[in-house]
Amino acid sequence: MKRILNYINGEFKAPHGNLWLDNYDPSVGEVYSQIPDSREADVSDAVAAAKNAFDAWSSLSTEKRSKYLLAISEGIQKRLTEFAEAESRDNGKPTWLATKVDIPRAVSNFKFFAQAITQFSSESHAMGSMAINYTLRKPLGVVSCISPWNLPLYLFSWKIAPALATGNTVVAKPSEVTPMTAYLLSEVCKEINLPPGVLNIVHGLGPNTGHFMSIHSDVKAISFTGGTKTGSVIAQNAAPKFKKLSLELGGKNPNIIFDDCDYEDMLSTTIRSSFANQGQICLCGSRILVQETIYEKFIKDFTAKVAKLKVGDPFDSKTNVGAIVSKPHYEKILSYIKLAKDEGGTILTGGKSVFPKGHEKGLFIRPTIITDLPQTCRTNQEEIFGPVVTVDTFKTEEEALEKANCTEYGLSATLWTSNLKRAHRFSRDLHAGIVWVNTWLLRDLRTPFGGVKNSGVGREGGFEALQFFTEPKNICIKY
Ligand code: TXE
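Each step along the sequence shown adds one to the number in the numbering used here, with nothing skipped, and position 336 is 336.
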């Protein structure tokens with residue numbers, strides 16, 4: 001059975017304790033590889049390597065660092081099919097999705113930050129004829145990047161690329177549930193001769209590997225994407241040492257549909273925003289709010305289309321919905337479907353597991369639509385993170401806004417309307433870090449990405465990421 005290794009100081013290394021974790025293919029429910037169960041000693045090695053590499057890496061010219069990032073980007077691009085198949089097998093997502101979105105996006109992340117760093121500059125503030133202030137932006141040192149399983153390489157590279165571009169050295173950990181493309185990335189780094197220690201990839205469990213990565217005193221900042229509870233644990237661990245933190249956490253995003261929208265566009269996009277990647281995207285619109293005037297029509301059309309989605313083999317190009325990432329997560333989603341029924345919800349379609357031919361032990365759940373639940377119930381308040389949406393109605397704009405804003409989360413929101421004034425007004429008043437009007441998940445890598453309330457702290461993307469990974473220093477010079 002294939003065993004992947006840690007990538008520390010430019011070398012592939014087995015964990016000190018020789019401990020290993022099983023890695024599952026969720027579409028067949030079987031272990032297909034093993035990964036290091038790294039502990040404190042492995043993390044210490046990685047941090048020491050990163051610390052050692054920092055002076056040389058941070059002193060390289062921007063152009064040279066940029067070239068390394070471009071080489072990584074090209075290295076992934078050359079092996080795109082291999083990366084996409086690995087992502088699909090590890091995660092359960094359709095291979096076409098990994099080929100079209102996940103891996104190309106990882107390629108663009110490295111390319112984007114390779115270019116962005118060449119355009120990064122800092123401010124100066126003139127004090128009349130008395131003095132001039134200018135801001136120096138210096139890299140932080142060793143930083144930890146911890147990423148989740150839903151968009152494995154996509155989110156891993158979204159953190160690593162800006163961290164490296166700004167001159168930091170990195171210790172990174174992918175989710176233990178989806179480690180394979182991070183391992184392939186370490187192969188690419190080796191192939192392109194990235195200087196040893198600049199990027200170190202350590203595999204293992206969150207409470208072990210991730211924990212040591214967040215408490216190590218030589219780690220200056222942590223960039224984390226994952227569950228809200230984990231984010232809170234990391235924030236508590238990081239606080240005593242005043243580490244800089246960027247936390248991208250969960251969401252319970254509203255998808256608000258007014259009767260004056262472009263109906264067909266809304267309908268096809270809503271299917272995507274509800275069930276893309278098995279609903280396991282923090283930006284999915286899991287609470288659909290529909291204006292009463294078009295509710296009956298919407299329910300009929302939406303249910304009919306969703307019932308026809310093909311669930312099954314991720315490697316089949318006709319599959320719309322692949323496997324759920326892991327057994328514990330699969331059980332969590334099913335338990336929420338049960339909760340929704342207990343809370344009085346009506347299941348319009350889905351609501352159960354399926355066992356496609358040849359994948360009888362796989363983890364598949366039919367896309368599920370639930371109605372008749374108040375916004376206050378747990379099903380509508382807690383993040384399910386699966387192919388499950390609820391649909392509710394509203395009469396007025398005020399009611400829609402109140403329902404949209406009524407959770408502890410505030411990551412993203414989608415708004416469907418042709419009324420320009422309403423689009424501006426409503427977008428302004430939504431509690432969300434990102435608002436899409438008449439579209440969903442249309443991403444421009446330059447824009448700030450992140451949420452409010454329990455959806456996180458800080459922003460990633462574009463110059464926000466470059467600013468996060470640098471420390472500003474003000475220098476005041478008297479004329
Ligand atoms: O994520 P975790 P889980 C949500 C979603 C899901 C829930 C839990 O609702 O059901 O979170 O998912 C590492 N110190 N999202 O348990 O645990 C872990 O190893 C340091 C939303 O899989 O947050 C992994 O690399 N690190 C989300 C990463 O944190 C720790 C995407 C994320 O894992 C750690 C995923 C610790 N103590 C889940 N504990 C989104 N917003 O995109 C775990 N980790």
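For each residue, glycine too, the CB sits at the ideal point set by N, CA and C.
These numbers were taken from a predicted model, which means no experiment stands behind them.
Quiz item: Rounded to whole angstroms, how far is the Cβ of N18 from the Cβ of C476, which I believe are closer than 8 Å?
Solution: Going by Cβ atoms, the distance from N18 to C476 rounds to 55 Å, so no, they are not a contact pair.
Practice problem: Return yes when the C-beta of K408 is under 7 Å from any heavy atom of the ligand TXE, and no when it is not. | Solution: Residue identity check: residue 408 is Glu in the sequence provided, not Lys. Not under cutoff, so the answer is no.
Quiz item: Under a Cβ-count criterion, where at least 16 other Cβ atoms within 10 Å of its own Cβ denotes burial, should Y479 be classed as buried or exposed?
Solution: exposed
Self-check item: Minimum C-alpha distance to R459 - residue among D429, N6 and S412
Solution: S412
Self-check item: Through-space distance from F275 to G386, alpha-carbon basis
Solution: 8 Å
Practice problem: For V170, verify whether its CB is less than 7 Å away from any heavy atom of the ligand ADP. | Solution: Although the ligand ADP was asked about, the structure shown includes only the ligand TXE as ligands.
Quiz item: Per DSSP, V142 is paired with what?
Solution: T169 and V219
Quiz item: Cβ of P15 versus every heavy atom of the ligand TXE: is any distance shorter than 7 Å?
Solution: no
Exercise. Kindly give me the distance between the Cβ atoms of F156 and P139, rounded to whole angstroms, as I take these residues to be in contact under 8 Å.
Key: At roughly 19 Å, the Cβ-Cβ gap does not stay under 8 Å, so F156 and P139 are not in contact.
Practice problem: May I ask you to list the residues that DSSP assigns as paired with W436? | Solution: T414
Practice problem: Return helix, strand or coil for C476, following the three-state DSSP convention. | Solution: strand
Exercise. Return the CA-CA distance between G206 and A161, expressed in angstroms with no decimal places.
Key: 22 Å
Quiz item: Residue range of the alpha helix (DSSP H) that K327 falls in?
Solution: K327 to D342
Quiz prompt | Nearest residue (CA-CA) to G10, options V177, M127, A50 and F302 | solution = A50
Exercise. Have a look at K220, L164, P36 and T349 and flag the residue whose alpha-carbon is nearest the alpha-carbon of L70.
Key: L164
Quiz item: Is it right to say E176 is buried, meaning 16 or more other beta carbons lie within 10 angstroms of its own, or is it exposed?
Solution: buried
Exercise. Whole angstroms is fine: what's the gap from H114's alpha carbon to L267's?
Key: In the sequence as displayed, the identity of residue 114 is Ala instead of His. Approximately 37 Å, taken between the alpha carbons.
Quiz item: My guess is that I222 and K243 are in contact by the Cβ rule of under 8 Å, so how many angstroms apart are they, rounded?
Solution: 6 Å
Quiz item: In whole angstroms, what is the alpha-carbon distance linking K220 and M213?
Solution: 10 Å
Exercise. Determine the burial state of L185: buried for a count of at least 16 other Cβ atoms within 10 Å of its Cβ, exposed for fewer.
Key: buried
Quiz item: What is the C-beta distance between V171 and V311, in whole angstroms, given that I count them as a contact (C-beta under 8 Å)?
Solution: About 38 Å; that fails the 8 Å criterion.
Quiz item: Who are Q291's beta bridge partners in DSSP?
Solution: F394
Quiz item: For H125, does the count of other Cβ atoms within 10 angstroms reach 16, so buried, or fall short, so exposed?
Solution: exposed
Quiz item: From F449 to F110, what distance separates their C-alpha atoms?
Solution: 17 Å
Quiz item: Any contact of the stretch 359–368 with the stretch 309–326, i.e. 3+ C-beta pairs under 8 Å?
Solution: yes
Self-check item: Proximity of P152 and W57 at Cβ, strictly below 8 Å
Solution: no
Quiz item: So which of A98, I117 and V388 has the shortest CA-CA distance to A340?
Solution: V388
Quiz prompt | Closest Cα partner of T178 within the set L415, S61, Q34 and A235 | solution = Q34
Quiz item: Nearest to S317 by CA position, among D45, W96, L445 and G141, is which residue?
Solution: W96
Quiz item: Hey, quick one: how far does the alpha helix (DSSP H) through S27 stretch, first residue to last?
Solution: That residue, S27, is in no alpha helix (DSSP H); it is neither H nor E in DSSP.
Quiz item: Which residue's Cα is closest to the Cα of F224: L249, N208 and A239?
Solution: L249
Quiz item: Using 8 Å as the Cβ pair cut-off and three pairs as the minimum, do the stretch 228–239 and the stretch 58–68 touch?
Solution: no
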